[in-house]
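Just so you know, our numbering puts the end of the sequence shown at 491, numbered straight through with nothing missing.
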Amino acid sequence: MELLEQFWKKEKRALARIISLVENNGPEKEEVLAKIYPHTGTAQIVGITGAPGAGKSSLTDSLIELLRREGKTVAVVAVDPSSPFTGGALLGDRIRMQNHALDEGVFIRSMGSRGSLGGISAATKDVVKVLDAFGYDYIIVETVGVGQGELDVMHVADTVLVVLTPAAGDSIQTIKAGIMEIADIFVVNKADLPGAGKMVTDVNAMLDLKGEQLVWRPPVVKTSTTTGEGLEELLELIKKHFAFLAESSELEKRRQERREREIIEIAMNALYRKLKFLLTEEDIKHLIERVNRKEIPPQAASEELLKRLGVRR
């Protein structure tokens, strides 16, 4: 395939076309992913999540700059809010990161969340594989700024940064457990604003309660993209965390869990598509009406659907 030949020659135009192919479920998607998959697994994948206005894009921009100074190549997947009806993404992250537009060692791609509740679109994982195979040293996945719904980032990243900010009125009491549980590093951003120090203390107090349960105690770092405070320290912590994962069995364990989850997700999506193909609206309506009339329980209706799929006899 000519497109793949160009891809292996590190042509960015071919990279962009393959990403579009993957994102839009093009006819050659499966063939392309099968060819590139053996070349994945070398990039360090960093997920950045947090509430709206936390400064995630500014942090991403700063990390790109620091990594480029070290000669590292960086790809960014910025998952933008998108309409569940049109699928159109707001390309705000592209605008914010224009400083790096002409840098050959940087690739930035905005993707719509397409109504995904976890903050990660269905195609994001495949796009990360494409960027990994292309040879980027670091891949940063910045998720939709919807706060608590962004837990899916842990299923794509090796290192997860949870970005908090005193400006947003965040407190340990108001942040739900889920988003706090996925953090490998806590970033208290906009450290030049009042309340940053207290937030660091509060997060550390929360971590103290967990005590020896933690295999890795997430460090808490104050940053400011305005003054530059803490940015180099943050990058060092990202490297330190990845080194910890690589030296222990945690990196392979995390990636293995991700692969298992992905296999099940792909199978479930395929079954759902097959079910939609085999069933008419009338079929589904008929089953629902039978459940409503208490003729059959929901479990029996589900069994009927599984029989249609050939999963049950």
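Beta carbons are placed, not taken as given, at the ideal position from N, Cα and C, and that holds for glycine. Since the model is a prediction, treat every value here as computed from it, not as a measurement.
Point to revise | Alpha carbon of residue 253 to alpha carbon of residue 199, nearest angstrom | key: Straight across, the Cα-Cα distance linking residue 253 with residue 199 is about 18 Å.
**Study point:** Option in 235, 201, 412 and 197 with minimal Cα separation from residue 321
**Key:** Measuring C-alpha to C-alpha distances from residue 321 to each of 235, 201, 412 and 197 identifies 235 as the nearest.
Check your understanding: Which residues bound the alpha helix (DSSP H) around residue 412?
Key -> Per DSSP, residue 412 belongs to the alpha helix (DSSP H) from 409-425.
Check your understanding: Rounded to the nearest angstrom, how far is the Cβ of residue 222 from that of residue 336, given a contact under 8 Å?
Key -> Right, the Cβ-Cβ distance comes to about 6 Å (below 8 Å), so this counts as a contact.
Review point. Nearest to residue 287 by CA position, among 375, 249, 437 and 238, is which residue?
Key: Of the listed residues, the one whose Cα sits closest to residue 287 is 238.
Check your understanding: Can you name, in chain order, every residue of its own chain whose Cβ lies under 8 Å from the Cβ of residue 314, other than the five neighbours on each side?
Key -> Closer than 8 Å at Cβ, skipping near neighbours: 221, 251, 252, 253 and 285.
Practice item. Measure how close the beta-carbons of residue 479 and residue 469 come, nearest whole angstrom, since I'm counting them as under 8 Å. Key: About 5 Å separates the two Cβ atoms, so the contact holds.
Check your understanding: With a cut-off of 8 Å, do at least 3 Cβ pairs link the segment 362-377 to the segment 390-403?
Key -> At 8 Å Cβ cutoff, the stretches touch.
Review point. To which residues of the same chain is residue 427 closer than 6 Å at the C-beta, ignoring the five residues directly before and after it?
Key: Hits under 6 Å: none found.
Point to revise | Three-pair Cβ contact test at 8 Å for the segment 414-424 versus the segment 370-386 | key: Taking a cut-off of 8 Å on C-beta distances, the segment 414-424 does not touch the segment 370-386, as fewer than three cross pairs fall below it.
Point to revise | C-alpha distance - residue 409 paired with residue 241, whole-angstrom precision | key: In a straight line, the C-alpha of residue 409 is about 7 Å away from that of residue 241.
Review point. Would DSSP call residue 262 helix, strand or coil?
Key: For residue 262, the predicted model reports a pLDDT of 42, less than 50, meaning its position is unreliable and no value from the coordinates is stated.
Point to revise | First through last residue of the alpha helix (DSSP H) which encompasses residue 486 | key: Residue 486 -> alpha helix (DSSP H) spans 476-487.
Review point. Excluding sequence positions up to five away, which residues of its chain have a Cβ less than 7 Å from the Cβ of residue 261?
Key: Legend: pLDDT at residue 261 = 43, less than 50; position of this residue unreliable, value from coordinates given subsequently. Hits under 7 Å: none found.
Point to revise | C-alpha gap between residue 282 and residue 305, whole angstroms | key: Rounded to whole angstroms, the separation of the alpha carbons of residue 305 and residue 282 is 19 Å.
Check your understanding: Buried or exposed: where does residue 280 fall if 16 or more other Cβ atoms within 10 Å of its Cβ makes it buried?
Key -> Per the 10 Å Cβ criterion, exposed.
Exercise for review: My understanding is that residue 403 touches residue 225, with C-beta atoms under 8 Å, so please give their C-beta distance in whole angstroms.
Suggested key: Rounded, the Cβ-Cβ distance is 18 Å, inconsistent with contact.
Exercise for review: Go through its chain and collect everything with a Cβ distance to residue 449's Cβ below 7 Å, but skip five positions before and after it.
Suggested key: Taken in chain order, the residues that qualify are 487.
Point to revise | Same chain only: Cβ atoms within 7 Å of residue 465, ignoring 5 sequence neighbours per side | key: Only residues of its own chain outside the window of five on either side were considered, and among them 479 and 482 have a CB closer than 7 Å to the CB of residue 465, listed in chain order.
**Study point:** Alpha-carbon to alpha-carbon, residue 454 and residue 316
**Key:** Taking the straight line from one Cα to the other gives about 39 Å.
Exercise for review: Report all residues from its chain with a CB closer than 7 Å to the CB of residue 197; omit the five preceding and five following residues, and keep chain order.
Suggested key: Around residue 197, the same chain offers 287, 305 and 308 as residues with beta carbons nearer than 7 Å, after the five sequence neighbours per side are excluded.
Review point. Since residue 339 sits in a beta bridge, which residues does DSSP pair it with?
Key: According to the DSSP secondary-structure assignment, residue 339 is paired through a beta bridge with 226 and 363.
Exercise for review: Could you say which of 278, 452 and 255 lies nearest to residue 244 if we only look at CA atoms?
Suggested key: Taking only the C-alpha atoms, the option nearest residue 244 is 278.
Check your understanding: Taking C-beta to C-beta, are residue 213 and residue 182 nearer than 9 Å?
Key -> Contact: yes.
Review point. Quick one, which of 438, 452, 310 and 290 has its alpha-carbon nearest residue 257's?
Key: Here the closest residue by C-alpha is 290.
Review point. Of all the options 389, 395 and 344, which has the alpha carbon lying nearest to the alpha carbon of residue 373?
Key: Out of 389, 395 and 344, 344 has the C-alpha closest to the C-alpha of residue 373.
Exercise for review: Keeping to the same chain, check which residues put their C-beta closer than 6 Å to that of residue 393; ignore five residues upstream and five downstream.
Suggested key: None.
Practice item. Please report how far the alpha carbon of residue 248 lies from the alpha carbon of residue 310, in whole angstroms. Key: In a straight line, the C-alpha of residue 248 is about 19 Å away from that of residue 310.
Review point. Taking Cβ to Cβ, would you say residue 303 is nearer than 9 Å to residue 334?
Key: For residue 303 and residue 334, yes; Cβs fall inside 9 Å.
Review point. Closest to residue 206 by CA distance: which of 179, 218, 185 and 456 is it?
Key: Ranking the options by Cα distance to residue 206, first place goes to 179.
Point to revise | Collapsed DSSP secondary structure at residue 127 in the structure displayed | key: In the structure displayed, the chain extends from 179 to 491; residue 127 sits before or after that span and is not available.
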